[in-house]
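Structure first, then comments.
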Ligand SMILES: [Ca+2]
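Numbering (our numbering), first residue to last: 14 to 209.
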């Protein structure tokens, strides 16, 4: 086996274990996503001139009572390592929620499950600053969800609450495949040849 063939095998192996990302919102809904709300809540493209940081189009979520607003992603959890990532911007109060499964079961992201979600890389809580963008990551399998995530959104009681959301994507890291293992063994061959 020539060195170039070995390198090709390594590259193929690496590709077979690469993560796959699906973008559900990037300035507009994509890949089957849609603005989503229930009851009196609304989910719309934020009007130009809203007081959010930056000029990039994003989703405006308005809750006037407990009904939720967010984005419908309808993503199948196909790998043990499936992460939902989104930029979130909170004007004042409210909680993050997922709906999942055939019954659209509601799950709040809170202190009881914050081993499975982070804000700006830290275990999830609601102490993050208002009126600024933050990065939310949710490890779906760690929440015990194994079938479908329908929506990611917010709920807020009391007076009118506003959030913004942008750059929603889901990243899946598949299990290493047979080709991945072949790639790793080729790497071993290459290493032995270099030492020889
Ligand atoms: Ca945007």
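C-beta atoms are modelled at their ideal positions from N, C-alpha and C, and glycine is treated no differently. All of these numbers come straight from a predicted model, not from anything done at the bench.
Check                                                                                              : Outcome
Three CB pairs or more closer than 8 Å across the region 174–181 and the region 131–143            : no
Beta-bridge partners of residue 101, as assigned by DSSP                                           : 147, 178
Residue from 175, 94, 173 with nearest C-alpha to residue 152                                      : 94
beta-carbon residue 34 near ligand 1 non-hydrogen atom, thresh 6 Å                                 : no
Identity of the residues DSSP links to residue 55 by a beta bridge                                 : 75
Close beta carbons around residue 74, own chain, < 8 Å, minus the five adjacent residues each side : 50, 54, 55, 56, 82, 83, 166, 167, 175, 176, 177, 178
The region 91–107 touching the region 118–128, judged by at least three CB pairs closer than 8 Å   : no
Whole-Å CB distance - residue 104 paired with residue 143, under 8 Å assumed                       : 6 Å
DSSP beta-bridge partners of residue 157                                                           : In the DSSP output, where bridge partners are listed per residue, residue 157 has none listed.
Residue 69: CB within 6 Å of a non-hydrogen atom of ligand 1                                       : yes
Rounded distance between the beta-carbons of residue 136 and residue 126, thought under 8 Å        : About 10 Å separates the two Cβ atoms, so there is no contact after all.
Presumed contact (8 Å Cβ cut-off) between residue 77 and residue 173, rounded CB distance          : 5 Å
Distance CB(residue 61)-CB(residue 71) smaller than 7 Å                                            : no
Nearest to residue 96 (by Cα), restricted to the options 114, 42, 69, 149                          : 149
DSSP state of residue 81 mapped onto helix, strand, coil                                           : coil
Opening and closing residue of the beta strand (DSSP E) in which residue 36 lies                   : 33–38
Which residues DSSP lists as bridging residue 96, in chain order                                   : 152, 184
Distance cut-off 6 Å: residue 133 Cβ against heavy atoms of ligand 1                               : no
Buried versus exposed, by CB contacts within 10 Å (16 or more), residue 209                        : Caution applies to residue 209, whose pLDDT of 49 falls short of 50 and renders its modelled position unreliable; the model cannot decide the point.
Helix, strand or coil at residue 10 according to DSSP, with G and I counted as helix               : Outside the shown range of the chain (14 to 209) lies residue 10, about which nothing can therefore be said.
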